[in-house]
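Chains as they are written, first to last, in our numbering: chain C, 1 to 299; chain Y, 1001 to 1301; chain X, 2001 to 2279; chain U, 3001 to 3282. Quick reminder that beta carbons are idealized off the backbone N, C-alpha and C, glycines included. So the structure is just underneath, and the comments pick up after that.
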Amino acid sequence: MMGEMHVPARSRARKTTAKTADTVATVVLWALALVCLAVLGSIIGYILVKGLAVVFDPKFILGKPQAINAGGGILPFLLSSIYLTLLTMVIIMPIGVGAAIYMAEFAGESRITRLVRFGADSLATVPSIVFGLFGLALFVVAFGMGPCLMAGALTLALLNLPAVMRTSEEALRAVPASYREASLGLGASRWQTIRKVVLPSAVPGITTGGILTIGRILGESAALVFTMPLFATKAPTSLFSGGAAIAPNLWYTLTEAITPDAQRIAQGEAAALVILILALNLVARFLAHRYQARQGMVG
Amino acid sequence: MTRRDAAAVAKPALNSEWIVRKTLFVFAMTTVLGIILVIFFVARESIPALRQVGWSNIFLSATWNPNVSNPATGHYGLLVPLAGTLAATLGGIIIGGPLAIGTAIFLTQIAPPRTGKLVVRGIELLAGIPSVIFGWIGLVVLVPMLARVTNTQGYGILAASFILGIMIIPTVTTIAKDALETVPEEYKQASFGMGATRWQTIYKVILPSAKEGLLVALILGIGRAIGETMAVQLVIGNARQFPNSLTSVTSTLTSRIVTDMGESTGAFRSALFVQGLVLLIMAMVIILLIRLVTRKTVKAA
Amino acid sequence: MQTDVEGKSVAARPLATPEPQHGRYMISIRDLDLFYGDFKALEDINVDVEHNRITAFIGPSGCGKSSVLRSINRLNDLVKGARVEGQVFLDGEDIYGHGYDVVELRKRVGMVFQRPNPFPKSIYDNVAYGPRIFGVRDRAELDQVVEESLVRAALWDEVKGKLKQSAIALSGGQQQRLCIARVLAVEPEGILLDEPCAALDPIATQRIEDLLQELKKTYTIVIVTHNMQQAARLSDYTAFFMIENQGDPGRIVEFGPTNTIFTTPEDERTERYITGRFG
Amino acid sequence: MRSGKRWILGGALLLAALLTVVGLAGCGNSSTTSDQNLTGKVSLSGSTTVLPPASEAASQFMDIHPGVQVSVQGGGSSVGITQLSQGLVDIGMSSRELKSEEQNQGFLDHKIALDVIVVVANPGMTVDDLTKDQVKGIFTGQLTNWKDVGGADAPITVVVRDKASGTREMFDEKALDSQDSTTAAIEANSNGIVRQTVASTRNAIGYISLGYLDGTVKALKYNSVEGSKDTALAKTYPLSRFLHMFTKGEPQGVVGVFIDFVLSERFQNDVVAREYIPATEL
Chain C
1 MMGEMHVPAR
11 SRARKTTAKT
21 ADTVATVVLW
31 ALALVCLAVL
41 GSIIGYILVK
51 GLAVVFDPKF
61 ILGKPQAINA
71 GGGILPFLLS
81 SIYLTLLTMV
91 IIMPIGVGAA
101 IYMAEFAGES
111 RITRLVRFGA
121 DSLATVPSIV
131 FGLFGLALFV
141 VAFGMGPCLM
151 AGALTLALLN
161 LPAVMRTSEE
171 ALRAVPASYR
181 EASLGLGASR
191 WQTIRKVVLP
201 SAVPGITTGG
211 ILTIGRILGE
221 SAALVFTMPL
231 FATKAPTSLF
241 SGGAAIAPNL
251 WYTLTEAITP
261 DAQRIAQGEA
271 AALVILILAL
281 NLVARFLAHR
291 YQARQGMVG
Chain Y
1001 MTRRDAAAVA
1011 KPALNSEWIV
1021 RKTLFVFAMT
1031 TVLGIILVIF
1041 FVARESIPAL
1051 RQVGWSNIFL
1061 SATWNPNVSN
1071 PATGHYGLLV
1081 PLAGTLAATL
1091 GGIIIGGPLA
1101 IGTAIFLTQI
1111 APPRTGKLVV
1121 RGIELLAGIP
1131 SVIFGWIGLV
1141 VLVPMLARVT
1151 NTQGYGILAA
1161 SFILGIMIIP
1171 TVTTIAKDAL
1181 ETVPEEYKQA
1191 SFGMGATRWQ
1201 TIYKVILPSA
1211 KEGLLVALIL
1221 GIGRAIGETM
1231 AVQLVIGNAR
1241 QFPNSLTSVT
1251 STLTSRIVTD
1261 MGESTGAFRS
1271 ALFVQGLVLL
1281 IMAMVIILLI
1291 RLVTRKTVKA
1301 A
Chain X
2001 MQTDVEGKSV
2011 AARPLATPEP
2021 QHGRYMISIR
2031 DLDLFYGDFK
2041 ALEDINVDVE
2051 HNRITAFIGP
2061 SGCGKSSVLR
2071 SINRLNDLVK
2081 GARVEGQVFL
2091 DGEDIYGHGY
2101 DVVELRKRVG
2111 MVFQRPNPFP
2121 KSIYDNVAYG
2131 PRIFGVRDRA
2141 ELDQVVEESL
2151 VRAALWDEVK
2161 GKLKQSAIAL
2171 SGGQQQRLCI
2181 ARVLAVEPEG
2191 ILLDEPCAAL
2201 DPIATQRIED
2211 LLQELKKTYT
2221 IVIVTHNMQQ
2231 AARLSDYTAF
2241 FMIENQGDPG
2251 RIVEFGPTNT
2261 IFTTPEDERT
2271 ERYITGRFG
Chain U
3001 MRSGKRWILG
3011 GALLLAALLT
3021 VVGLAGCGNS
3031 STTSDQNLTG
3041 KVSLSGSTTV
3051 LPPASEAASQ
3061 FMDIHPGVQV
3071 SVQGGGSSVG
3081 ITQLSQGLVD
3091 IGMSSRELKS
3101 EEQNQGFLDH
3111 KIALDVIVVV
3121 ANPGMTVDDL
3131 TKDQVKGIFT
3141 GQLTNWKDVG
3151 GADAPITVVV
3161 RDKASGTREM
3171 FDEKALDSQD
3181 STTAAIEANS
3191 NGIVRQTVAS
3201 TRNAIGYISL
3211 GYLDGTVKAL
3221 KYNSVEGSKD
3231 TALAKTYPLS
3241 RFLHMFTKGE
3251 PQGVVGVFID
3261 FVLSERFQND
3271 VVAREYIPAT
3281 EL
């Protein structure tokens, strides 16, 4: 009886149950992944369907907000969000990148780096509402700034610091050690080596990280609820004047607004936020891709 | 002036190098300073309530009935929001956990390159969506749907769990994917070599050896869910009763803080800071848990 | 007289060449021990590097010959826990002496690495990197240094039309010569080469070896190589490094003129190594 | 241009361009005629119920008198009154009467509107009249099913205002005889949200200001008295309260002009009338 080897029935049975289990598992795993995509698609779809008409109405984008009657616009909220993002980035990039340089270039694995990493990890786990409480207690009350742009920016800077540090450190560590040795070998000092070779090579990575941080700043609301006004008819005129950013204002519109078209405004604000964040993600993806595609010359 | 002299003049004095190093050190220490400041100020603002209203009335009482005109005489028990937070987080992990871990397994073991890339892009986008938008979707879509399906008011633990389940997917999937990718290729080859099916290889070889990473992913997911404010506040109903059923309306620590902080003063406001302190302590516990889990693997490796 | 772009006459000033120093040896290493943490990598190293000569360090991989090279320009300082005992004299001055200026040291003793590592900048910016570090701002002077360094590195004719292009686009051999040009631009006295041709094809290797023969006239050269034919062809003196077995510190078995080392070595271990029986 | 530098410059240009485009478009706001160049500052703080009309008045007033800065903050009635007594603000907004200990501080009461609270239910409910005890029973959690009050057999979903709102304080005091509302009640931060929740949730009941009443919810009679301006003024409908702007003594200079503006025919009819009963009709 050549060929057909006699396989005992029991092991043949066990073989088939394993086979079916495998296909079932594959189907389930495919389903789980597709559910995630479906959820994302339906959320983005719903927001755009509901909000696009509102967002592209110039009166909405450029109009003045209304406290009581309908037809309010969101221009001051957009401006506040932009000023807030600029101010936060101006505070956080030097400190975050500076800290990353220290961690990647100067400090080896020492007690200090472990301490800084622990600090960064704990900051990254603190819920954003607790950052809101902290911002209220320190910047708004203790420093007496009152709810304003600077209080919001300082709070968001601390909230996003760990992320900026991590992405910048990864970008710095990705720069080949041979560049450092070559530069030092020519008699350059450590700081010259960092400034002239390492940093320029890491800039694309740092910039991509920075753009993702901008997305997080625009989307943050819990940390701003107590540190900035939720509703203001004017954009901030100075660092310490108040203005409502768009994300916290969306929460205000959902929970406290009394204008008859509050629902429509909420749809518009949600769509505006999502479009801004989608655009930022695309820009970050595009920059990262373009940089990998050609090992570009840097600085 | 020969080039050598010009060079001598321009050579950076040693101390400028030292100054740069010191400033960068100070920048690095801002994280440590930051977490100390956060803990200090949240704790400091909690003291008035703890002193005026007393520990037991806050940590052991379930009645939350602030008195606006005379704050010190109000009831500020946080057991209800604490229970709400735990219930919503548990619900979130039950829904989001399997979804996220499953997707991570899919991405690392099964996904064809193109679909894999698409799912990863999708997860990144999901991470980018602000939590207030999740809240809005919850309020406008999920709550009415649940109201019809469960014939209740729609708000409550179930709605919060769905929203949190979706929101923790990016965090858990990314970390779980990294953990699964660190499993050495040889394990997989060996298992396949013995005629095991892909699923047997996954649950017999790959999952056990990535156990710690997956645990860390879930713990971080829990941390993310506990800290969520805006999305939860909009769908949980903010009632002051214990979550006794899936569809019962309740409140969480975060929703209590953001709902009441606006007009609170004195002991009422300070009681909300106490809830902030509890959230902070939970975050620290999560950090220690993760260090415990990762240190175990480091010792074992 | 050279005229620059605006037609101004520029005092032609050739790349400064190092004047011969007083002693016969530019570098003298005395009783050098090197530790990485508590692992002793090198023990009792004594070698003298003569001016305007090529000295080769040969020996099996892992015997510490590169570590000696990195002790000469103190790049070992970068390695955490590296510790040196003994002395290394550069033109009579101990570079591990207190307060010795490392930056000045690395300028006087340039280094070329095993894998060509040009900066991700243009060819011009690579060569001009060193002078710019030391404060040279004048455009005309920079152009002059860049051209002369590339000429000395035998690369000028191949790149003079495309100085603005990325150095990374060059071939392996060209990149290595660019690294040499980059070192020459800071007017060193000596050049240390750590297996410069290991990653290059035979033709490129040949060009580098011819270049080193040429550079020998003006610079003191120390080259680490595990390619014995190269050492024999190129060097005037050779030091043969050896470790007994894994974990022992590297030691110099024999050091002397290259032709005696390769024809009538005193130590029979050198004999066995150069006849290729092991290592 | 080195490409490294190009990244930074590119990013900055992108943001700058975004900023200028949006900034330019924004500054052409409408400039109404400003009759006299009044200058000065007016600061208000207090009740969140008075906040919306007050901030509307502030922005209209600032359009008319560009030289004047009017700042409006929330914080609740008691915050407004305490800050007024401490001289931190010019006007203390309140949606409740002064407490005994707040009386003798020489505060001048300017009633800017009458807020009538009506009990509303989901349009699907068959009930349209509730006695005081029934309302009290429902909102304190004793009665939990619509059939207890003559409706269909369905669990009642109670929607109330958040604890810090003046509306909730007045409703608890007058309708619930100062008892606390049920812990099972959904808390909403504004009239708008109470109305939206009651309208979209079956079997829901809540309370809002009369001005917010619209077709989406059904107003219920209270002790078979329909909540309206007349019944409130005639005191036959108890659930009403005045909205106050307190000042320390006679308001001076620009503060007085602002108060007069709030009480002016134009502002009362355009804005206040939309939610409350204007002071002009009291």
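Item to check | Identity of the residues DSSP links to P2257/X by a beta bridge | outcome: Taking the first residue of the third sequence as 1, we reach residue 2257/X at position 257. Beta-bridge pairing links P2257/X to Y2237/X.
Next on the checklist: List, in chain order, every chain C residue whose beta-carbon is nearer than 7 Å to that of P1249/Y.
Outcome noted: Mapped onto the second sequence, residue 1249/Y falls at position 249. In the sequence under discussion, the amino acid at residue 1249/Y is Val, which differs from the Pro named in the question. Within 7 Å Cβ-Cβ: nothing; V1249/Y doesn't reach chain C, min ~16 Å.
Checklist entry - What are the uninterrupted segments assigned as beta strand (DSSP E) that are 3 or more residues long and contained completely in the region 2156 to 2218 of chain X, given in chain order? => result 2190 to 2194
Checklist entry - Of the residues S1016/Y, A1160/Y, V1249/Y, F1027/Y, which one's Cα is nearest the Cα of I1094/Y? => result Position 94 of the second sequence, counted from the start, is the residue given in the question as residue 1094/Y. Measuring from the Cα of I1094/Y, the nearest candidate turns out to be A1160/Y.
Item to check | DSSP state of P3278/U mapped onto helix, strand, coil | outcome: The count along the fourth sequence starts at 1 and reaches residue 3278/U at position 278. In the three-state DSSP reduction, P3278/U falls in the strand class (E or B).
Checklist entry - For V3021/U, is the classification buried or exposed, using 16 other Cβ atoms within 10 angstroms of its Cβ as the cut-off for buried? => result As a first step, residue 3021/U is located in the fourth sequence; it is residue number 21 there, counting from the start. Any reading at V3021/U is ruled out, since the residue's pLDDT is 49, under 50, leaving its predicted position unreliable.
Next on the checklist: Given this structure, state the Cα-to-Cα distance separating A3164/U from L1214/Y, to the nearest angstrom.
Outcome noted: Sequence index remark: in the fourth sequence, residue 3164/U carries index 164 (1-based). Sequence index remark: in the second sequence, residue 1214/Y carries index 214 (1-based). Taken atom to atom, the span from the alpha-carbon of A3164/U to that of L1214/Y is near 43 Å.
Item to check | Positions along the region 1159 to 1188 of chain Y whose CB lies within less than 7 Å of some CB in chain U | outcome: Correct list: empty, as no residue qualifies.
Checklist entry - Are any of the Cβ atoms in chain C nearer than 7 Å to that of G2099/X? => result Counting from 1 along the third sequence, the entry for residue 2099/X is found at position 99. So, not an interface residue.
Checklist entry - Are any of the Cβ atoms in chain Y nearer than 7 Å to that of V116/C? => result Counting from 1 along the first sequence, the entry for residue 116/C is found at position 116. Put simply, the CB of V116/C is near chain Y, with a gap under 7 Å to one of its CB atoms.
Checklist entry - Taking 7 Å as the CB-CB limit, is A247/C close to chain U? => result As a working note, residue 247/C is residue 247 in the first sequence. Not closer than 7 Å to any Cβ of chain U, the Cβ of A247/C fails to qualify, so no.
Item to check | Any 3 or more C-beta pairs closer than 8 Å across the region 1216 to 1235 of chain Y and the region 1249 to 1266 of chain Y | outcome: yes
Checklist entry - Do T3157/U and A3204/U have their C-beta atoms closer together than 7 Å? => result For the purposes of this step, residue 3157/U is taken as residue 157 along the fourth sequence, with counting starting at 1. For the purposes of this step, residue 3204/U is taken as residue 204 along the fourth sequence, with counting starting at 1. Contact flag set, yes.
Checklist entry - Exposed or buried, Q2246/X, counting other C-beta atoms within 10 Å across all chains shown (16 or more means buried)? => result Stepping through the third sequence from its first residue, residue 2246/X is reached at position 246. Note on Q2246/X: under 16 other CB atoms within 10 angstroms of its CB, so exposed under the neighbour-count rule.
Item to check | Simplified DSSP state of Q2114/X, which is helix, strand or coil | outcome: In the third sequence, the residue the question calls residue 2114/X occupies position 114. DSSP places Q2114/X in coil when its eight states are reduced to three.
Item to check | Partners in chain C for R2186/X, counting only beta-carbon separations shorter than 8 Å | outcome: Along the third sequence, read from residue 1 onward, the residue named residue 2186/X stands at position 186. A quick correction: the sequence has Val, not Arg, at residue 2186/X. Result: L186, G187.
Next on the checklist: Quick check on Y3207/U: does DSSP put it in helix, strand or coil?
Outcome noted: Numbered from its first residue, the fourth sequence carries residue 3207/U at position 207. Here Y3207/U sits in strand by DSSP.
Item to check | is_contact[P1113/Y, chain C] using C-beta, thresh 7 Å | outcome: In the second sequence, counting from the first residue as 1, residue 1113/Y sits at position 113. Closer than 7 Å: no.
Checklist entry - How big is the Cα-Cα spacing for L1099/Y and L32/C? => result To locate residue 1099/Y, count along the second sequence from 1; it is residue 99. To locate residue 32/C, count along the first sequence from 1; it is residue 32. Taken atom to atom, the span from the alpha-carbon of L1099/Y to that of L32/C is near 6 Å.
Checklist entry - Thinking just about the alpha-carbon of each residue, which of M1029/Y, I1035/Y, A1083/Y, A1028/Y is nearest to the one in Q1275/Y? => result Reading the second sequence from its first residue, position 275 is the one you call residue 1275/Y. Per the Cα distances, A1083/Y.
Checklist entry - Does the separation of the CB atoms of I3186/U and V3225/U fall below 7 Å? => result Counted from its first residue, the fourth sequence places residue 3186/U at position 186. Counted from its first residue, the fourth sequence places residue 3225/U at position 225. No, the pair does not count as a contact, with Cβ atoms beyond the cut-off.
Next on the checklist: Just to confirm my understanding: we take S183/C, look at its own chain, exclude 5 residues before and 5 after, and list those with CB closer than 6 Å. What are they?
Outcome noted: Residue numbering aside, residue 183/C sits at position 183 when the first sequence is read from its first letter. Here the set comprises T193, V197.
Item to check | Chain-order list of residues whose beta-carbon lies under 6 Å from that of V2224/X (same chain, five-residue window excluded) | outcome: For the purposes of this step, residue 2224/X is identified with residue 224 of the third sequence, where counting begins at 1. So the qualifying residues of the chain are F2057, K2065, S2066, L2069, D2194, E2195.
Checklist entry - Using the C-alpha atoms, what's the distance from I112/C back to C2197/X? => result The residue given as residue 2197/X occupies position 197 in the third sequence. The residue given as residue 112/C occupies position 112 in the first sequence. C2197/X and I112/C: Cα-Cα distance of roughly 41 Å.
Item to check | Contact residues within the region 2126 to 2145 of chain X, judged by C-beta distance below 7 Å to chain C | outcome: Y2129, G2130, I2133
Checklist entry - For the candidate residues I1219/Y, K1211/Y, P1081/Y, A1196/Y, whose alpha-carbon lies nearest to that of T1171/Y? => result Counted from its first residue, the second sequence places residue 1171/Y at position 171. It is I1219/Y whose Cα lies nearest to the Cα of T1171/Y.
Item to check | For V2088/X and S2061/X, believed in contact at Cβ under 8 Å, the rounded distance | outcome: Looking up residue 2061/X in the third sequence gives position 61. Looking up residue 2088/X in the third sequence gives position 88. 23 Å between Cβ atoms; not a contact.
Next on the checklist: Am I right that M253/C and A266/C are in contact with their C-beta atoms under 8 Å? What's the rounded C-beta distance?
Outcome noted: What you label residue 253/C is simply residue 253 of the first sequence in a count that begins at 1. What you label residue 266/C is simply residue 266 of the first sequence in a count that begins at 1. The displayed chain sequence assigns Thr, not Met, to residue 253/C. Right, their Cβ atoms sit about 5 Å apart.
Item to check | Which of helix, strand or coil DSSP assigns to P200/C | outcome: Stepping through the first sequence from its first residue, residue 200/C is reached at position 200. DSSP places P200/C in helix when its eight states are reduced to three.
Next on the checklist: Whether or not the region 231 to 249 of chain C and the region 58 to 74 of chain C are in contact is what I'm after, with contact meaning three or more pairs of Cβ atoms, one per stretch, closer than 8 Å; do they touch?
Outcome noted: In short, these stretches touch, since the Cβ pair count reaches three.
Item to check | Segment limits, beta strand (DSSP E) that includes M2026/X | outcome: Start at 1 with the first residue of the third sequence, and residue 2026/X comes out as number 26. It spans 2025 to 2036 - the beta strand (DSSP E) in which M2026/X sits, taken as one unbroken run.
Next on the checklist: For a cutoff of 7 Å on Cβ pairs, would you count V3217/U as touching chain C?
Outcome noted: Start at 1 with the first residue of the fourth sequence, and residue 3217/U comes out as number 217. By this cut-off, V3217/U is not an interface position.
Next on the checklist: Report the CB separation of A151/C from V164/C in whole angstroms; it is logged as a contact under 8 Å.
Outcome noted: Within the first sequence, numbered from 1, the residue matching residue 151/C stands at position 151. Within the first sequence, numbered from 1, the residue matching residue 164/C stands at position 164. Incorrect: roughly 20 Å between the Cβ atoms, too far for contact.
Next on the checklist: If you measure between the beta carbons of A2185/X and L2178/X, is that distance less than 7 Å?
Outcome noted: Position 185 of the third sequence, counted from the first residue, corresponds to residue 2185/X. Position 178 of the third sequence, counted from the first residue, corresponds to residue 2178/X. It is not a contact, given that the beta carbons lie outside the stated cut-off.
Checklist entry - Does P2120/X have its Cβ less than 7 Å from a Cβ in chain C? => result Translated into positions along the third sequence, residue 2120/X becomes position 120. Yes, its Cβ sits closer than 7 Å to a Cβ of chain C.
Checklist entry - Do three or more CB pairs link the region 1030 to 1039 of chain Y to the region 115 to 124 of chain C at distances below 8 Å? => result yes
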